[in-house]
Structures are given as structure tokens and as C-alpha cells.
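Residue numbers (UniProt numbering), protein chains in the order written: chain A, 1 to 114; chain B, 1 to 563. C-beta atoms are modelled at their ideal positions from N, C-alpha and C, and glycine is treated no differently. One structure is given below, encoded as C-alpha cells.
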Amino acid sequence: MDKQNDNEKQYLFDNPKNVKRLLYIVYACCAVLVLLEFVIHRHIYHSWEELFGFYPIYGFVGCVVLVLVAKWMRTFLMRDEDYYDKLESKQHPKPANKKQTEAEQAQGGHDVDA
Amino acid sequence: MWMPELPVFVPFFIGALIALVTTGKVRQAVLLITPVLSGLHLLTVPVGTVLSFSFLNFELEVFEVDKLSLLFGYIFHIAAFICMLFALHVKDTLQQVSGLLYAGSAIGAVFAGDLITLFIFWELLAVTSVFLIWARRTERAYIAGLRYLIIQVLSGVVLLVGIVFYAYKHQSINFEFIGLNDTASWLIFIAFGIKCAFPMLHNWLTDAYPEATPTGTVFLSAFTTKVAVYSLARAYPGTELLVYIGVIMACFPIFFAVIENDLRRVLAYSMINQIGFMVVGIGIGTALAVNGAVSHAFNDILFKGLLFMSMGAVLHMTGKIDGSRLGGLYKTMPKTAILCMVGAASISAFPLFSGFVSKSMVMSAALNNGYGWAWLLLLFSAAGVFHHAGIKIPYFAFFAHDSGIRTSEPPKNMLFAMSIAAVLCVAIGVYPQALYSLLPFDTGYNPYDATHVLTQTQLLFFSALAFVWLNLKNMYPPELPSVNLDIDWFYRRLFPAILTPFFAMFWAADRAVRGVFMRGVNGVLGLVARHEPDGILSRTQLSGSMVIWVSILLAVFLILSFW
Numbered sequence: 001m002d003k004q005n006d007n008e009k010q011y012l013f014d015n016p017k018n019v020k021r022l023l024y025i026v027y028a029c030c031a032v033l034v035l036l037e038f039v040i041h042r043h044i045y046h047s048w049e050e051l052f053g054f055y056p057i058y059g060f061v062g063c064v065v066l067v068l069v070a071k072w073m074r075t076f077l078m079r080d081e082d083y084y085d086k087l088e089s090k091q092h093p094k095p096a097n098k099k100q101t102e103a104e105q106a107q108g109g110h111d112v113d114a
Numbered sequence: 001m002w003m004p005e006l007p008v009f010v011p012f013f014i015g016a017l018i019a020l021v022t023t024g025k026v027r028q029a030v031l032l033i034t035p036v037l038s039g040l041h042l043l044t045v046p047v048g049t050v051l052s053f054s055f056l057n058f059e060l061e062v063f064e065v066d067k068l069s070l071l072f073g074y075i076f077h078i079a080a081f082i083c084m085l086f087a088l089h090v091k092d093t094l095q096q097v098s099g100l101l102y103a104g105s106a107i108g109a110v111f112a113g114d115l116i117t118l119f120i121f122w123e124l125l126a127v128t129s130v131f132l133i134w135a136r137r138t139e140r141a142y143i144a145g146l147r148y149l150i151i152q153v154l155s156g157v158v159l160l161v162g163i164v165f166y167a168y169k170h171q172s173i174n175f176e177f178i179g180l181n182d183t184a185s186w187l188i189f190i191a192f193g194i195k196c197a198f199p200m201l202h203n204w205l206t207d208a209y210p211e212a213t214p215t216g217t218v219f220l221s222a223f224t225t226k227v228a229v230y231s232l233a234r235a236y237p238g239t240e241l242l243v244y245i246g247v248i249m250a251c252f253p254i255f256f257a258v259i260e261n262d263l264r265r266v267l268a269y270s271m272i273n274q275i276g277f278m279v280v281g282i283g284i285g286t287a288l289a290v291n292g293a294v295s296h297a298f299n300d301i302l303f304k305g306l307l308f309m310s311m312g313a314v315l316h317m318t319g320k321i322d323g324s325r326l327g328g329l330y331k332t333m334p335k336t337a338i339l340c341m342v343g344a345a346s347i348s349a350f351p352l353f354s355g356f357v358s359k360s361m362v363m364s365a366a367l368n369n370g371y372g373w374a375w376l377l378l379l380f381s382a383a384g385v386f387h388h389a390g391i392k393i394p395y396f397a398f399f400a401h402d403s404g405i406r407t408s409e410p411p412k413n414m415l416f417a418m419s420i421a422a423v424l425c426v427a428i429g430v431y432p433q434a435l436y437s438l439l440p441f442d443t444g445y446n447p448y449d450a451t452h453v454l455t456q457t458q459l460l461f462f463s464a465l466a467f468v469w470l471n472l473k474n475m476y477p478p479e480l481p482s483v484n485l486d487i488d489w490f491y492r493r494l495f496p497a498i499l500t501p502f503f504a505m506f507w508a509a510d511r512a513v514r515g516v517f518m519r520g521v522n523g524v525l526g527l528v529a530r531h532e533p534d535g536i537l538s539r540t541q542l543s544g545s546m547v548i549w550v551s552i553l554l555a556v557f558l559i560l561s562f563w
């Protein structure tokens, strides 16, 4: 019974309007935070801090660089999911239940404790 | 009669013994009561308590209490209670008993007053915790557990060698400030470093923790690395090398975390990143910095535990933990989602959450002591933490695209454990004085000045903005079913690939040499067999046959004599 309700139920973010609203809230917060810099006097300890909007710029640029570098790292770090398993199952042959394990791995889940 | 000198690990070991022989409700009660009773006992123990006895000319101080160890003692009790509550529904003797022993070993280690006691608990930590990985009972967990155990025990062996040298040189085994100055201190430093997940030595953590059981990982995240942080804070404060190591630890894992698919492995990487902050604090070594380091360890146990718990709950309920196979869980697990976001806000150091009050101490200390470059890099990694642990974890598990998984909230005890951790995270964030009063030094630090709050909030919101922008532009790397190479590639892939042919060649050569040798030996043996006293050419004959031969000879002689 519950299941059927679930299928019909509209959840908060099923409506794209709500996602939009959330994003506008984020944009508004960002704008307010930058504007606050005119009001609040910051203590300066490091020369870079004197720059207007140092923290917002550093946060934004830092994260974009982080993601782009990480994405580039994927080109040489990423392997198949069973990359090690293939090698290690050869070294540790398993007697039985191979089918079942493979099915589990394909699902991405292993045993879960009771 | 109450003994303040009763070492605090004893109740845990007794509790584990009782848990071993009981079942059902009785065991559940034992599991919960043990940390509570032991914690109440610890509250009565005054600073300066020492329990020592002589053993083979050594003065062993099994239980030595000062402000630093007491702080770790408290948090380990809180963590043990939360972990036990989280694992209460599990009907697995192995996990629950080893969980208690593991927590007890960690507590024993932080109250160790001498290096030999420390070594014993150091090894006990390894041996008791590996069962939490093996308890997953899969092939992968078994092999990962073996690798984990080898590296952990190796750390203990290095520590032991270091202690032997140290004891010989200094004629003392007191566990106090050591500092980097000779071989012994370097060995001890490396042993601590392995458990602390120093860069290049970090891989056991990201390898083994995600393979443990949903409840086991929560235990693991609380104790081993924090014992190492404690040990560094005691033995190596002010060692400048630690600043460099810590900055690297804070920065490099976030790149891996961004592209990692297994969400618990993402958390394992972010754990190294958080330990990096602590290591930097210890490396700077001023009162404020060490305070920041140990209070961040305190907070990390809570918020990282909370995040691991929420991901454990997801794994428990859905059987999946890969970002590529999850999504949309907020629909059916809203409470878990909210609790997870509290943890995420805490680790990202939002004002009013626990991370803010401890991380800012380390950052301020870095600035005050002229480590401007370290501060810049820490700031970058603080933004990165928000990116992967603060946004990525909740986003890909609970929001993102709807995976179609419909499940329900995890068992009550799991939710309850997460709620306690979440309440503590917020409580420390709102009222940091409670935590600050426990810290080893009195620095009168106040994190809530306008500059800090504004700059930190700006940093975080613009990191979030970067995430939104990258996602809208479809530049964010999608979650893909994959494995990322790390240092473990060397010992899981490269070494076997090089060593297998090498050993094949070695065995073939060995066979050939042994063949030649065996032929030689066989030849000699044959020669010997022919000429030895019993050999074919020198065998003693029976006197009977001799008599026959003599009589035959005589008979022939007789016959011939007729001619």
C-alpha cells in the first residue's frame, strides 16, 4: 500500500520550481555575503586578505580548479570496478558461489550485516 | 571501595568478556552500560593519577592521567557509546565483542604512561579492529583485512624497534616529548605516521575502512587514527616537518575524494584531510595550535562518525554505497538525510557547527606563526572539504538523480546514535566553551568574531556556488562505477606483476640448480653404496656360505688331485 502511495507522491525536489527556488536562495546568500564586506571591517593577517572579495574568489576559483584537476586525474587513475578483483581472485581462488558474488558485485552491494 | 587508579580499559575488557558469554537483551545492556559506567568512573579520576608497577627493571605506568589524555579518554567514551548504540541491532558476537575490545585498547593507549604499555595497546588496536573488517564476510573484505592487518602490525613492529633503541639510548621508557633527533625517534615517528595515515603511508585507511561492515567502519573511524594524533601531540609537538606533512595530507585527498565513487571511501579520504589539519596544528606546536589539533580530533570523531553512520545506514538499508547507484533517498530517508547534512555542515566548519570552533584555531595559529603558505593551502582544502564531504556526500546519496530506490528509515537505534552525534556537533558549535574548558591549554580563544564568521561563510557559500555552476554547466565529473588507483596500486598491482615473473624465474633456476645438485648427490650416494661396509663390493658374507665355498673349493681340489 505504501509503495503505491510512493509512486504517486510528489516529493519536494520533484518539482523543478523548488530546485530553482533553492538555487535563488544560494545566489542571494552569496550576494549578501559579498555586500557585507562593505559593512564589516575584517582583521587582516595575510597580505592576500586585503584584496576585496578574497574569500569568495578563493573559494570559487579553488573549487573549480579542484574539480577540473580531479576530472583530469580521472584520465589516468580510473579503472574498471573489478580491476583489483580480477587479479586477486586469481591469487585466492574461491571454491563455490562464484555466480552469486558476481551478481552482488554487479549490484554494487556486498553482504550487509543483519 | 572505589579505586581511582583502576585503569579505564579494564571495564571494557571485562564488558567484552561478559558480552562474549551473553546473548540478546542482556548483551545489548552490557554493550551500552560498559562505556557509561567506565565514563562515570573516568569523571571521578583526577589529573595526575598514576598506576605503576615494576616489571623486569622497567617502571611500567599502565595508567597515567593528564589533561591531554583525559580529553581523548572522554571523547573515546562518547564515541564508544555512540558506536555501540549504532551497532546495537547487529546480531554478531564477533563485531560487538571486538568493538568493545577495540575501544578499550584505544583508551588503554591514550592513558599509557610508558612506551611499552603504548606498544601493547598499539598492537591490540590492530588485532582487535581487523575483525570489524572481516565481519563483513566477503572475499574483498577478507583480503582487504589482511592487507590492513599487515600494515598495522608493521607499524607496531617499527614502534617496538624504535622503543628498544630509545630505551637503550635514554635509559627511560617514559612516554613524553621525544622530538626528532636520532634514529630511535625517527622510527617511533614513522610508526605513529603509519597509523596517522601520513601521505604515502595512508593507503591502508582508504583501502580497508570502506570494506568493513556498515557498523564496523564507524568504530574504525573513531579510534586508530585519533590514537596516532594523540601520540604525535604528546611526543612531537612543534616538529616543523609535521606542518609540511599535514598540509599535504589536507590537500591531496580532496582530489581523490571528488572522483571517488564509493561514498564511504570518499569519507575515508576526507578523514585523511581532516587529520591533516590536526597534524599541522601539532607541527606548529604553540598552545593555540595544539589546542586546535586536539579539539579538532575531538570534533572529528563526532562529525566523521556521524557521516560514516549515515552512510552506514544507507548501506544497511539499500545494500549499496556507490554514488552512481544511489540518489533520491531523501524521499524515504529524510531523517537520515538531515542528520547527514548536520555532519556535513560540521565537517565543513559552518559557523554554529563543531568544525568551525576547532578548525579556525588551527588556521589562526598558522597565520599567527608565519605559516602564511600553509594557511592558504589549508583554506583551499577547507573549501575542498565542503565540496566533497559537505556537498557531494549528501547530494549523491540523498538527492541528485532519483535512483528509484525506495526504502525506509534505518532501525531506531541507528537514528538515535546519529541524533546524539548530531546534537553534540551543534552543541559544541553553539557553546564551544564546554569543549575549550577540557583542552590542555588555556588560550582564551574565541572563534566567533565577525571576521571569522564572515570570511568562513563567504568561503563556503562560494564553494557551493562553484558546485552549482559546475553542475549546471555539466562540468562536474559524473559518478561512475570505477576504482581509482592510489598508492595501493604499487603493492596490489605493480609488485605482483613484477614479482610473479621474477619468482617464476627464480623457482625455475632453483629447480635446475637443485636438479644438478641432486644428480651429484645421487652419484656420490651410489658410489658410497657400492663401497661402504655394507655395499655391494664390501659386504660381509655369511660364514655359512663361506664354509660352503671352502668345501666346494676343497672338493674341486680333491677331484683335481685324482688326475
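- Counted as a single uninterrupted DSSP element, the beta strand (DSSP E) harbouring B:E61 occupies residues 58–64.
- The C-alpha of B:L201 lies about 41 Å from the C-alpha of A:Y27.
- CA-to-CA, the gap between A:V34 and A:E49 works out to about 14 Å.
- Under the Cβ criterion of 8 Å, A:E50 is not counted among the residues facing chain B.
- A:K17 has a beta carbon lying at 8 Å or more from every beta carbon in chain B.
- Not a single C-beta of chain B is nearer than 8 Å to the C-beta of A:R21.
- Burial state of B:L435 is buried, judged by a 10 Å Cβ sphere holding 16 or more other Cβ atoms.
- Proximity to B:R147 across B:A512, B:I245, B:F131, B:F55 peaks at B:F131, based on C-alpha coordinates.
- Of the other Cβ atoms in all chains shown, fewer than 16 fall within 10 Å of the Cβ of B:M518; this residue is therefore exposed.
- Proximity of B:I82 to chain A, defined by a Cβ-Cβ separation below 8 Å, is not satisfied.
- For B:F55, the secondary structure class from DSSP, reduced to helix, strand or coil, is strand.
- Annotation: the continuous alpha helix (DSSP H) that includes B:G193 extends over 183–195.
- With respect to chain B, the C-beta atom of A:L77 has a partner C-beta closer than 8 Å.
- Rounded to whole angstroms, the separation of the alpha carbons of B:T451 and A:H41 is 7 Å.
- A:D80 carries a coil assignment under DSSP once its states are collapsed to helix, strand and coil.
- For the stretch 191–204 of chain B, the beta-carbon criterion of a distance under 9 Å to any beta-carbon of chain A is satisfied by none of its residues.
- B:C83 is positioned such that its CB atom lies closer than 8 Å to that of B:F219.
- For B:N299, the uninterrupted alpha helix (DSSP H) segment begins and ends at 287–318.
- If one requires a minimum length of 4 residues, the alpha helix (DSSP H) runs lying completely within the stretch 17–84 of chain A are 54–77, in chain order.
- Its chain contains F467 as the residues whose beta carbon lies nearer than 6 Å to that of B:I391, once the 5 sequence neighbours on both sides are disregarded; these appear in chain order.
- Assignment of B:V50 by DSSP, reduced to helix, strand and coil, places it in the strand class.
- Below the 7 Å Cβ cutoff, chain B contributes F255, V258, I259, P477 as neighbours of A:A70, in chain order.
- Between B:A421 and B:A222, the gap from beta carbon to beta carbon reaches 8 Å or more.
- Chain-ordered listing is empty here: chain A has no CB closer than 8 Å to the CB of B:W122, the nearest sitting near 27 Å.
- Against A:L35, chain B offers no close residue; the least beta-carbon distance is about 11 Å (beta-carbon pairs closer than 9 Å).
- Here B:V528 carries a helix assignment [DSSP, helix/strand/coil].
- Rounded to whole angstroms, the Cβ separation of B:T215 and B:A87 is 4 Å, and the two are in contact under 8 Å.
- Scanning chain A for C-beta atoms nearer than 8 Å to the C-beta of B:L132 yields nothing, as the closest lies near 10 Å away.
- Taking each of B:A464, B:A337, B:G73 in turn and checking the Cα distance to A:Y58, the smallest one comes out for B:A464.
- Rounded to the nearest angstrom, the gap between the Cα atoms of B:Q28 and B:S155 is 34 Å.
- Spatial neighbours of B:F192 in its own chain (CB-CB distance under 6 Å, excluding positions within 5 residues in sequence) are listed in chain order as A228, S231, L232.
- B:L101 is the residue among B:E64, B:L101, B:L60, B:V45 whose C-alpha sits nearest the C-alpha of B:L20.
- B:P410 has a beta carbon lying at 8 Å or more from every beta carbon in chain A.
- If you draw a straight line from the Cα of B:Q433 to the Cα of B:L115, it is about 33 Å long.
- Residue nearest to B:H77 within the set B:I259, B:S403, B:K91, B:G104 is B:G104 (criterion: CA-CA distance).
- Boundaries of the alpha helix (DSSP H) harbouring B:N368: 354–368, taken from the DSSP string.
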